[in-house]
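Residue numbers (the working numbering), protein chains in the order written: chain A, 1 to 215; chain B, 1001 to 1401; chain C, 2001 to 2171; chain D, 3001 to 3103.
Only one structure is covered here, and it is reproduced in the block below.
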Amino acid sequence: MLGSGLLQGLAVTAKNFVGSFHDPKRFVTTQYPEEKTRLPEAYRNFPFLVSENAEDPMGTLRCVACQICEKECPPQCIYIEKSKDKKPDASGKQQIYPAVFDIDTAVCMSCQICVEVCPFDAIKMDQVFELAATDRFTGLMLDRHALAKPNSYFHQLHPTEAAEVDDRLATERKAAEEKARAAAAAKAAAAAKPPAVPPPPPAVVPLPPPVPPAA
Amino acid sequence: MSAAATTSESFLERAPLLLRDAVTGFLPEPARWLANSLLSIVAVLAVFGLLFAFLTLAERKILGRVQNRPGPNRTGWFGLLQPFADGIKMLTKEDIVPRAADQLLHFLAPVTLLALSILTFAVIPYGRHLVPVELDSAVLYFFAAGAATELAIFMAGWASHNKYALLAAMRALAQLISYELPLLLSFVPVVLATGTLSTTGIVAAQGGWKWHLIPHWIVFTPWGAAGFAIFMVSALAESNRSPFDLPEAESELIAGHLTEYSGFKYALFFMAEYFGMCALSGMAVTLFLGGWQAPLPVLEFIPSYVWFAGKLLTLLLGFIWIRATLPRLRIDQLTRLAWKFLVPLALVNLGTAAFWSLTSAWSGPLQLLRWAVALVLVAGPFLLLGRGLTAGLGPRTYRYA
Amino acid sequence: MNAVLILIALVTVGTAIAAMAGRNLLHSVLLLALAWTGVAAFYLWAGAEFAAFAQVLVYVGAISMVVLFAVLLTRRSRDEAAPGPAGQSRALSAVMAAAAVAGVLVGAILRSPLAASPGPAPAVTVRQLGAELMGPYAAALLAVGVLLTVALIGAVVLAAGDRTGQPEDNP
Amino acid sequence: MSPLQFCLIFSGVLFSVGLAGALARSNAILVLLGIELMLNAANLNFIAFWRYGPASAPATGVIFVIFSIAVTAAETAVGLALVIAIHRHQRSIRLQEATRLKG
């Protein structure tokens, strides 16, 4: 009959109207600036630099300024200057570090290619989306201080991926240690009587457990 | 506001009159009449201005809730200051007039529209003693003022010097003229039954109760219910409300005749649309829902204007509910509905009303026969015409390549 | 005689003259709508409430709409061309003829002993009007109904035109 | 000048304006509108005589005006349909160009 569909439609909207007052399943709106929805783990937006230690982010950056990401970046939003000197990295090895590492987030398209090409797991995808700035030239140009975030933060964002990365790094370091030890042993055997036992490599810095960041 | 109140009525019922006399009572006679008229104009404008403001808020809140969102809730407590924020925004926006536009008509169109839609408020009885102007042919006045608004819409479309605006204005006119017919035809039975064109007379004719239970409202007769339905559907179209909001259809038709309007002129159009909706709802209350009459004798202690406001708000919420539910029609469906469905139904309804008033002396079992015949006369054409209207339509089947 | 009547007359005649002399057809129609409203105001002033509202409903609500539609349907820039010398001489003679008619009318009216009955406006309720229409004037009402129906059908037939000869109908 | 005379002069002037328009303009629509104006002037007379004239049947003037309005509506509808038909045949609504009897 003409009009029955109309009444059905009215019933549907009435149900929605009433339901929105008592049924939290229907009424899913969050009041954004005050309360934030938990982003899905797979969400990714803009890269950041992983540092091992929250207290000394500049000292413990994983990045060795190899500039692969700079070359691969399709919109060319990364600018890196290598340091002249070397600093010990997390495993104590002397490494070059980035003296300048800038990402222009006005240009970045969050393609994640920098993350995929990085051999050191030093750059990962962030989950920020509130990068509004009043000055688009300096406000959206993030330098290494703004980009550096501790590994614990990475654990918080992407726990699965972070755990994998930590495992892999740990095995790699262990392998490197074994290798170094074997090499040292071989050297020692070859030298028969070295005047002094080479000092053992420094202990692997224990990776910080995924704790909530200080901030 | 006329008619002297008898002192036997409750204080609340007389409160508006007492208030008016307290303000203007000291004036000599001709000046007092002028002051009273001005006062009723100010009162109507203030009440409906505020109603407009909070109706926009209510509409946004209700639409939000229907779509499972909270609606505006930032400005003030529960968003109560939102209409004022909107008003300030509209006032401070740049007023753009196209260079090729007809400057004078471009300015006059919203002013004329708003003026004409405010004029329609003059004859609605808001309460037992609250009629701004009592006219012998008030209903005719109401629809004459309503019909003149079409001119303003045409002016808006033509003066914009924009082909889309002009086409939209033509489309709007086609719609308004089409729905004018069922709108006028649907209230003719009411005039036939009550024997008057005066709104106060029509409301007075609906007073009283049958068995102290069922009010003598026109909507409680078979032809009255049908007339009310036709009136409301036509009122939806006349006030450009969804699902008949083709004249502006901002999502498909770039806002129609309002394309070239911005800032405060746009706000005036918006206001006129809401005023038109309020006026048509008020007229529907007056014609079909018994005006300010209380539904039950025991509820008469509540003042009449409260009843009128309650009925008016119910209808307005119904408008919003329908807007939240129904998708927009296409222009050919729209005009077909008017010409092939509503107009014939309204004509048949006139016959039903004539039958009803001719058989008013029937009693006993004949009363049952009267109801049966009237119901058949109402439902039969509805079903037949409805089948014709929906013939060939059904659930859509999709064929994939 | 009072100021309201003079104001109504001035506005009505003024808008009518402007409408008839105007170059822009659309402005003419809108001004005429105003003139019709002025006539309705005169009816209201004279106490013929029903006629006034009927005038607004029919003239401003319906006739001006139909005229506007016709204006838009027949718009061609050729018609808006400035009138040539023939047109000007014709306009001049037309105005002279109209002025002569007006002179004769005004002279005749002023010379006639037309004393207005000083009483108030005769009160006519809508109910009375209805009774008159259905009583003594029922035949006329029927004739008008038939006339309107015939006019409606005739207008539709004329405006719809003869479609059979159109090329798009004979592919 | 009595009020009745004023009303009649008002109507006479309105009639002459309509006449001048109907004679002077070549646009068919404006000619039609001029005729409308003349009819309105006649209606004014009805009301003026009803208001001030010798007392007769109380509603006669108003009823005449109502009939006149109805007839005018019919006249306009047919007239405008004719204008549109002329426009379809001639691509113009100048009355000087409507010189053929065969469309």
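For each residue, glycine too, the CB sits at the ideal point set by N, CA and C.
This one's a predicted model, so the numbers in the text were calculated from it and none came from an experiment.
Val-1123 (chain B) vs Pro-1132 (chain B) beta-carbon contact at 9 angstroms: If you check the CB distance, Val-1123 (chain B) and Pro-1132 (chain B) come in under 9 angstroms.
9 angstroms Cβ cutoff met for Pro-47 (chain A) and Asp-126 (chain A): Yes. Within cutoff.
Limits of the beta strand (DSSP E) - the one that Met-125 (chain A) falls within: 123-125 is the span of the beta strand (DSSP E), which, as asked, contains Met-125 (chain A).
Cβ-based burial, Met-1000 (chain B) [other Cβ within 10 Å; buried from 16]: The first residue shown for chain B is 1001 and the last is 1401, placing residue 1000 (chain B) beyond what the model contains.
Selection of the segment 2032-2045 of chain C by Cβ proximity to chain D, strictly under 8 angstroms: The residues in question are Leu-2032, Ala-2035, Trp-2036, Val-2039, Phe-2042 and Tyr-2043.
Closer than 9 angstroms at the beta carbon, the chain B residues around Gly-2135 (chain C): Residues of chain B passing the Cβ test: none, with the nearest at roughly 15 angstroms.
Beta strand (DSSP E) runs wholly inside the segment 2009-2075 of chain C, at least 3 long, in chain order: Counting only runs of 3 or more, we get nothing.
Limits of the beta strand (DSSP E) - the one that Gln-95 (chain A) falls within: Here the beta strand (DSSP E) through Gln-95 (chain A) covers 94-104.
Exposure of Gln-76 (chain A), with buried meaning 16 or more beta-carbon neighbours within 10 Å: Here Gln-76 (chain A) is exposed: its Cβ has fewer than 16 other Cβ atoms, across all protein chains shown, within 10 Å.
Reduced DSSP category for Asp-2079 (chain C) - H, G, I as helix; E, B as strand; rest coil: With a pLDDT of only 49 at Asp-2079 (chain C), under 50, the local geometry of the prediction cannot be trusted, and no value is derived from it.
Interface flag, Gly-1195 (chain B) vs chain C, CB-CB below 9 angstroms: With 9 angstroms as the cut-off, Gly-1195 (chain B) counts as an interface residue toward chain C.
9 angstroms Cβ cutoff, Trp-1321 (chain B) in contact with chain A: With 9 angstroms as the cut-off, Trp-1321 (chain B) counts as an interface residue toward chain A.
Residue range of the alpha helix (DSSP H) that includes Pro-1381 (chain B): Note, Pro-1381 (chain B): alpha helix (DSSP H), 1365-1390.
Sub-9 angstroms separation of Phe-2053 (chain C) and Ala-1144 (chain B) beta-carbons: Cβ distance < 9 angstroms, so Phe-2053 (chain C) and Ala-1144 (chain B) count as in contact.
CB contact check: Thr-3099 (chain D) to chain C, cutoff 9 angstroms: It does not: the Cβ of Thr-3099 (chain D) has no partner Cβ on chain C nearer than 9 angstroms.
Length of the line joining the Cα atoms of Tyr-79 (chain A) and Ala-14 (chain A): Their backbone Cα atoms lie some 57 angstroms apart in a straight line.
Under 7 angstroms from the C-beta of Thr-29 (chain A): neighbouring residues of chain B: Residues of chain B whose Cβ lies closer than 7 angstroms to the Cβ of Thr-29 (chain A) are, in chain order, Arg-1069 and Pro-1070.
Proximal residues of chain A, C-beta to C-beta of Ala-1144 (chain B) below 9 angstroms: Result: empty, since nearest Cβ-Cβ is about 32 angstroms, beyond 9 angstroms.
Distance, Val-2157 (chain C) Cα to Pro-2167 (chain C) Cα: Residue placement at Pro-2167 (chain C) is poorly supported in this model, since its pLDDT is 48, which falls under 50; the coordinates still yield a value, given next. Near 20 angstroms, if we compare the C-alpha coordinates of Val-2157 (chain C) and Pro-2167 (chain C).
Where Ser-1239 (chain B) falls, given that 16 or more other Cβ within 10 Å makes a residue buried: Flag for Ser-1239 (chain B) reads buried.
Whole-angstrom C-beta distance between Val-1285 (chain B) and Pro-1182 (chain B), which should lie under 8 angstroms: Actually they do not touch by this definition, with Cβ atoms about 19 angstroms apart.
Under 7 angstroms by beta carbon: chain D residues contacting Arg-2172 (chain C): A query on residue 2172 (chain C) cannot be resolved here, the shown segment of chain C reaching from 2001 to 2171 and no further.
Beta-carbon neighbours of Ile-37 (chain A), restricted to chain B and to distances below 8 angstroms: Correcting the residue type first, residue 37 (chain A) is Thr in the shown sequence and not Ile. Chain B residues near Thr-37 (chain A): none, gap ~14 angstroms exceeds 8 angstroms.
Chain D within 9 angstroms of Ala-2003 (chain C), Cβ atoms only: In terms of beta-carbon proximity, Ala-2003 (chain C) stays away from the interface with chain D, with every pair separated by 9 angstroms or more.
Cβ distance (whole Å) where Val-2056 (chain C) is taken to contact Leu-1197 (chain B) below 8 angstroms: Separation of the CB atoms of Val-2056 (chain C) and Leu-1197 (chain B) is rounded to 15 angstroms, and the pair is thereby denied contact status at 8 angstroms.
Element boundaries [alpha helix (DSSP H), containing Ser-1357 (chain B)]: Residues 1343-1358.
Proximity winner among B:Ala-1309, B:Gly-1127, B:Glu-1273 and B:Val-1188, relative to Leu-1116 (chain B) (alpha-carbon distances): Nearest C-alpha to Leu-1116 (chain B): B:Glu-1273.
Test: Leu-2007 (chain C) CB closer than 9 angstroms to a CB of chain G: The structure shown contains no chain G; the protein chains it does contain are A, B, C and D.
Inter-residue spacing [alpha-carbon to alpha-carbon] between Glu-3036 (chain D) and Ala-2035 (chain C): Those two C-alpha atoms are separated by around 11 angstroms.
Proximal chain B residues relative to Ala-2054 (chain C), where beta-carbon distance stays under 9 angstroms: Residues of chain B whose Cβ lies closer than 9 angstroms to the Cβ of Ala-2054 (chain C) are, in chain order, Ser-1137, Leu-1140 and Ala-1144.
Interface flag, Ile-3069 (chain D) vs chain C, CB-CB below 9 angstroms: Yes, Ile-3069 (chain D) counts as interfacial toward chain C.
Proximity test, Cβ basis, 9 angstroms: Leu-2158 (chain C) and chain D: Leu-2158 (chain C) belongs to the set of residues whose beta carbon lies under 9 angstroms from a beta carbon in chain D.
Buried or exposed by the 16-neighbour rule on C-beta atoms within 10 Å, applied to Lys-1311 (chain B): The C-beta of Lys-1311 (chain B) has 16 or more other C-beta atoms within 10 Å across all chains shown, which makes the residue buried.
Check whether Pro-1016 (chain B) and Gly-1127 (chain B) have beta carbons under 9 angstroms apart: Yes; because the gap between Cβ atoms is below 9 angstroms, this pair is in contact.
For Ala-148 (chain A): DSSP bridge partner residues: DSSP, once it has assigned bridges, lists A:Leu-49 as partnering Ala-148 (chain A).
Cα-Cα separation between Ser-2077 (chain C) and Glu-1134 (chain B), rounded to whole angstroms: At Ser-2077 (chain C) the pLDDT is 49, less than 50, meaning the model places this residue with poor confidence and gives no usable figure here.
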